[in-house]
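In the working numbering, the protein residues as written are 13 to 310.
Where a beta carbon is used, it is the ideal one built from N, C-alpha and C, also for glycine.
Beneath this line is the structure, given in structure tokens, with notes to follow.
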């Protein structure tokens, strides 16, 4: 069996689409299709069901995936062993993170890591959705939900708080609420689009402010921050965003507050890779130095 075909199997399984897999592998779609067909002929079973919605991995395909990932990991470790002897990391690592943490903490804090390793490139994918985590197309992930430890090494990274904020202009026009009931009853709230929010730890608006009027809803924290700055309402934001923005004022900071956790997730077969260890160490150092994040106890 041609082990190179397993690389194509993994990419199609992770993306679910021939076109996307071809783009990741930097080949044409015909090459990907031919490689998968050859693998299926060699093994005597179908690896994928071809559907209008994409390529769906079959049960025999699922059985092959862990072995293909083990080979992929072994090759990566071998390459990194050679690179580390030369004293530097190289290649590309993909980090998944919630959009608020990714844009406001992770990306601005990656300079020391990149300065130390000029040959290392990072792909930072920011999204609140949990789907990208289950697809396993990453080297390191920061998540709000703690995934199953079966296929991943999971560590507590940091705790953070969400509180309410508004612009000075908004408070001048609408007044500062004196109570939670007044905030809920008389003020416009800015929050996520409920139908698109599939992360359970963030389904908290009804718990904090029952029957609140979320007049403006977006699918990410960046949009909520922008709307709050623009004076469109009161936003429930991480303190590392709200406290860092001088244009915003805290609203009922002691009455409306909730703590949430970021988890650091690494696929088990990648945990010993040098680049992964360097990234996780950099993330732990980053949150340890941040005044509004509480790192795990050492």
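- Burial is judged here by how many other beta carbons sit within 10 angstroms of a residue's own beta carbon; residue 116 has at least 16 and is buried.
- Of all C-beta pairs linking the stretch 282-295 to the stretch 206-220, fewer than three are shorter than 8 Å, placing the two stretches out of contact.
- Closest in alpha carbon position to residue 305, among 106, 169, 191, 201, is 169.
- Here residue 129 carries a coil assignment [DSSP, helix/strand/coil].
- About 7 Å separates the Cβ atoms of residue 177 and residue 261, confirming a contact at the 8 Å cut-off.
- When secondary structure is reduced to three states using DSSP, residue 198 falls in the helix class.
- Close CB contacts of residue 271 within its chain, under the 6 Å cut and outside five residues either way in sequence, are with 171, 173 (chain order).
- Annotation for residue 211: no beta strand (DSSP E) segment contains it, and DSSP assigns it neither H nor E.
- Minimum Cα-Cα distance from residue 264 among the listed residues 28, 139, 273, 190 corresponds to 190.
- One alpha carbon belongs to residue 37, the other to residue 137, and they sit about 18 Å apart.
- Contact check for residue 155 against residue 133 fails: the beta carbons are separated by 9 Å or more.
- Here residue 232 is buried. Its C-beta has 16 or more other C-beta atoms within 10 Å.
- In the three-state reduction of the DSSP assignment, residue 268 falls in the coil class.
- Assigned with DSSP and collapsed to three states, residue 60 falls in strand.
- Residue 212 and residue 14 have their C-alpha atoms roughly 42 Å apart.
- Straight-line measurement puts the Cα of residue 280 at about 43 Å from the Cα of residue 259.
- In the three-state reduction of the DSSP assignment, residue 168 falls in the strand class, which pools E and B.
- DSSP links residue 274 through a beta bridge to 170.
- Looking only at 247, 218, 180, the smallest Cα-Cα distance to residue 228 is reached by 247.
- In chain order, 112, 172, 174 place their CB closer than 6 Å to the CB of residue 250, counting only its own chain and leaving out the 5 sequence neighbours on each side.
- Check the Cα spacing between residue 242 and each of 275, 200, 17, 106: the tightest is with 200.
- The beta carbon of residue 300 lies closer than 6 Å to those of 307 in the same chain, with the five residues before and after it left out.
- Here residue 245 has 178, 182, 199, 200, 201, 202, 227, 228, 239 as same chain residues with Cβ atoms under 8 Å from its own Cβ, once five neighbours each way along the sequence are excluded.
- In the same chain as residue 34, and ignoring 5 residues on each side of it, the C-beta atoms closer than 8 Å to its own belong to 40, 41, 43, 44, in chain order.
- The alpha carbon of residue 22 has as its nearest neighbour, out of 166, 150, 180, the alpha carbon of 150.
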